[in-house]
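Following: one structure in structure tokens, then a few remarks.
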């Protein structure tokens with residue numbers, strides 16, 4: 362069944378989670394079997410749904426808590442943290 366893994370990440374790209382970055386996050390999340398949720402200020406989103414992620418209204422400097430539950434949870438967190446820490450490839 363796998364375990365539950367959590368990681369805090371800080372958005373470093375200028376505009377935070379907007380359509381393009383939310384899509385990039387969800388696309389990465391869909392690579393994994395684990396159930397992925399993202400939380401900001403007690404609001405929770407399905408990490409595999411772009412529209413859910415946009416509802417978090419997360420901006421530059423905000424901290425997100427990513428939770429992955431499943432066999433590939435650790436791998437999922439690593440991949441997602443890399444996407445966020447790279448600033449989603451934005452300048």
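Numbering (our numbering), first residue to last: 362 to 452. No residue lacks a Cβ here, since even glycine has one placed at the ideal position from N, Cα and C. Fair warning: this is a prediction, and the values are worked out from it, not measured in the lab.
The C-beta separation of residue 382 from residue 449 comes to about 4 Å, placing the pair in contact by the 8 Å criterion. Here residue 369 is bridged, per DSSP, to 426. DSSP, reduced to helix, strand and coil, places residue 363 outside both helices and strands of the structure shown, so it counts as coil.
Residue pairing by DSSP places residue 413 in no beta bridge whatsoever.
Between residue 433 and residue 389, the CB-CB gap reaches or exceeds 8 Å.
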